[in-house]
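**Student:**
Numbering (the UniProt record's numbering), first residue to last: 1 to 350.
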């Protein structure tokens, strides 16, 4: 079967172009807000929410773009669905930033320029803040359409990796979900950490150093977990699952956001930090649960299929299904009878 190069189809190119265009527009709007506020306000205390807003959106857009490219490279429809859910969460985050920016510039304002009057700084930046969730929502709808087309395009990929065995297909899908969850775990942890570093922690405090050091440590631990589930290394997977349970203790941070002595400290970022922390907690728990399922699937014959991504070439396989309304070609009808046949190690899919 012919191998199609990456970004060789209309759906792939349109999907990436949609993400790139919305990323450019969103980051431009956020940068404009940052520039307006920086011109008149010193980023201390409650006003730190603005640089935090810019940093998180920059991180989210870069992360989403890399995840999308990776999903297309690997023909991974599970990861594309994860990106679609993540993009929907960005709409909620953008809407929360309108509320928190208003809290910083209006509720916490000390003079007329920082209040909510008709000529205030708040009314100057409000249109740019509103554009952000609107653009993300519009691109979300477009992404849904392109992911639908990519689903038909990548539909046979998993079938040709694990064959027609329903049990193998289910095990492989759980493996894909596990790898995808590990990637989103890292983003959520990094998002919470960035907010704490920018908004709250002092550079001279011991907690600041611990928080900075935690980022590469967590990255390494998540990487080891991904390696363990791919290679079916039982002892390393057991340690990873135990560390996931231990990491749930980080949830105590949520209590600190609402303690009376922390009222002013988290005034303008409490909503975002709460959402990030809860989502991170749920994702980590889901990763633990799926990890248990993947652990139970070790030594059941799936290892060779998992290792295709390690030993295969970078050129990925794609055997697209016909899109709705499109008649299948004779070659596609012919190859459908060979579904589940053994392929060479050229497939790269996770």
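Each residue gets a CB set at the ideal place from its N, CA and C atoms; glycine is no exception.
1. Residue 283 to residue 184, Cα distance in whole Å?
2. Just confirm the distance between the C-beta atoms of residue 289 and residue 146, as a whole number of angstroms; I'd bet it's less than 8 Å.
3. Which two residues bound the contiguous alpha helix (DSSP H) that contains residue 139?
4. Taking the alpha-carbon of residue 302 as reference, which of 192, 175 and 195 has the nearest alpha-carbon?
5. Could you please give the first and the last residue of the uninterrupted alpha helix (DSSP H) stretch that includes residue 12?
6. Report the option in 197, 244, 236 and 28 whose CA atom is closest to the CA atom of residue 218.
7. What number of angstroms, rounded off, separates the C-alpha of residue 210 from the C-alpha of residue 53?
8. Among 270, 18 and 72, which has the Cα closest to the Cα of residue 150?
9. Which of helix, strand or coil does DSSP assign to residue 252?
10. Which of the three DSSP states, helix, strand or coil, is assigned to residue 233?
11. Within its chain, find whatever has a CB closer than 7 Å to the CB of residue 187; leave out the 5 residues flanking it on each side and keep chain order.
12. Indicate whether residue 57 and residue 30 have their beta-carbon atoms separated by less than 8 Å.
13. My understanding is that residue 226 touches residue 292, with C-beta atoms under 8 Å, so please give their C-beta distance in whole angstroms.
14. Keeping to the same chain, check which residues put their C-beta closer than 7 Å to that of residue 215; ignore five residues upstream and five downstream.
15. Do residue 294 and residue 178 count as a contact pair if the criterion is CB distance below 8 Å?
16. To the nearest angstrom, how far is it from the Cα of residue 61 to the Cα of residue 222?
17. Is residue 293 helix, strand or coil when you go by DSSP?
18. Count the C-beta pairs between the segment 65-85 and the segment 98-105 that are closer than 8 Å, then say yes if the count reaches three, no if not.
19. Note the first and the last residue of the continuous alpha helix (DSSP H) segment covering residue 300.
20. Tell me which same chain residues have a C-beta within less than 8 Å of the C-beta of residue 87, skipping the five on either side of it?
21. Using the Cβ count rule (16 or more neighbours within 10 Å means buried), how would you classify residue 133?
22. So, with DSSP's three-state summary, where would you put residue 6?
23. Leaving out the 5 sequence neighbours to the left and right, which residues in its chain are closer than 8 Å to residue 89 when beta-carbon positions are compared?
24. Here's a check: name, in chain order, each residue in its chain whose Cβ is nearer than 6 Å to the Cβ of residue 55, leaving out the five neighbours to either side.
25. Give the DSSP-derived three-state secondary structure of residue 284 in the structure shown.
26. With a Cβ-Cβ cutoff of 8 Å, do residue 285 and residue 248 count as a contact?
27. Under a Cβ-count criterion, where at least 16 other Cβ atoms within 10 Å of its own Cβ denotes burial, should residue 42 be classed as buried or exposed?
28. Can you list, in chain order, the residues of its chain with a C-beta nearer than 6 Å to that of residue 19? Leave out the 5 residues immediately preceding and following it.
29. Helix, strand or coil: how does DSSP classify residue 245 here?
30. Run through DSSP, which three-state label would residue 259 get?
31. Using a threshold of 8 Å, state whether the C-beta atoms of residue 234 and residue 306 are closer than that.
32. Mind checking which residues open and close the alpha helix (DSSP H) that includes residue 53?
**Tutor:** Judging by the given coordinates:
1. Taking the first residue of the chain shown as position 1, residue 283 is located at position 283. Taking the first residue of the chain shown as position 1, residue 184 is located at position 184. Cα-Cα distance, rounded: 8 Å.
2. Indexing the chain shown from 1 puts residue 289 at position 289. Indexing the chain shown from 1 puts residue 146 at position 146. With a Cβ gap of about 30 Å, residue 289 and residue 146 do not count as contacting.
3. Here residue 139 corresponds to residue number 139 of the chain shown, with the count starting at 1. Looking at the DSSP string, the run of the alpha helix (DSSP H) that includes residue 139 is 121-153.
4. Locating residue 302 in the chain shown gives position 302, counting from the first residue. Among 192, 175 and 195, the Cα nearest to that of residue 302 is on 175.
5. Start at 1 with the first residue of the chain shown, and residue 12 comes out as number 12. Run containing residue 12: 10-40, per the alpha helix (DSSP H) assignment.
6. Here residue 218 refers to the residue found at position 218 of the chain shown. Checked all of 197, 244, 236 and 28; the closest Cα to residue 218 is 244.
7. Reading the chain shown from its first residue, position 210 is the one you call residue 210. Reading the chain shown from its first residue, position 53 is the one you call residue 53. Using only the alpha carbons, I get a separation of about 23 Å.
8. Taking the first residue of the chain shown as position 1, residue 150 is located at position 150. For the residues 270, 18 and 72, the minimum Cα distance to residue 150 belongs to 72.
9. Translated into positions along the chain shown, residue 252 becomes position 252. Residue state, collapsed to three classes: helix.
10. Against the chain shown, residue 233 aligns to sequence position 233. Note: residue 233 maps to coil in three-state DSSP.
11. As a working note, residue 187 is residue 187 in the chain shown. Closer than 7 Å at the Cβ level, and outside the excluded window around residue 187, lie 63.
12. Looking up residue 57 in the chain shown gives position 57. Looking up residue 30 in the chain shown gives position 30. Contact flag set, yes.
13. Start at 1 with the first residue of the chain shown, and residue 226 comes out as number 226. Start at 1 with the first residue of the chain shown, and residue 292 comes out as number 292. Contact doesn't hold; Cβ gap of about 16 Å is too wide.
14. Here the question's residue 215 lines up with position 215 in the chain shown. So the list reads 190 and 193, once near-sequence residues are dropped.
15. Translated into the one-based positions of the chain shown, residue 178 becomes position 178. Translated into the one-based positions of the chain shown, residue 294 becomes position 294. In contact: residue 178 and residue 294 (Cβ atoms closer than 8 Å).
16. Working through the chain shown from its first residue, we reach residue 61 at position 61. Working through the chain shown from its first residue, we reach residue 222 at position 222. Rounded to the nearest angstrom, the two C-alpha atoms are 21 Å apart.
17. To locate residue 293, count along the chain shown from 1; it is residue 293. DSSP places residue 293 in helix when its eight states are reduced to three.
18. no
19. Stepping through the chain shown from its first residue, residue 300 is reached at position 300. Neither: residue 300 is in no alpha helix (DSSP H) and is coded neither H nor E.
20. Within the chain shown, the letter at position 87 stands for residue 87. Correct list, in chain order: 64, 136, 139, 140 and 143.
21. The count along the chain shown starts at 1 and reaches residue 133 at position 133. By the 10 Å Cβ count, residue 133 comes out buried.
22. Position 6 of the chain shown, counted from the first residue, corresponds to residue 6. Residue state, collapsed to three classes: coil.
23. Translated into positions along the chain shown, residue 89 becomes position 89. Excluding positions up to five away in sequence, the list reads 279.
24. By 1-based counting over the chain shown, the position of residue 55 is 55. Closer than 6 Å at the Cβ level, and outside the excluded window around residue 55, lie 194.
25. Residue numbering aside, residue 284 sits at position 284 when the chain shown is read from its first letter. Helix at residue 284.
26. Within the chain shown, residue 285 is the residue found at index 285, counting from 1. Within the chain shown, residue 248 is the residue found at index 248, counting from 1. In this structure, residue 248 lies closer than 8 Å to residue 285 by Cβ.
27. Here residue 42 refers to the residue found at position 42 when the chain shown is read from its first residue. Looking at its Cβ environment, which holds fewer than 16 other Cβ atoms inside 10 Å, residue 42 is exposed.
28. The residue you call residue 19 lines up with position 19 of the chain shown. Around residue 19: 65 and 68.
29. Mapped onto the chain shown, residue 245 falls at position 245. Residue state, collapsed to three classes: helix.
30. For this step, residue 259 is matched to residue 259 along the chain shown. Residue 259: coil per DSSP, three-state reduction.
31. Locating residue 234 in the chain shown gives position 234, where the first residue counts as 1. Locating residue 306 in the chain shown gives position 306, where the first residue counts as 1. Cβ atoms of residue 234 and residue 306: not closer than 8 Å.
32. Taking the first residue of the chain shown as 1, we reach residue 53 at position 53. Run containing residue 53: 49-74, per the alpha helix (DSSP H) assignment.
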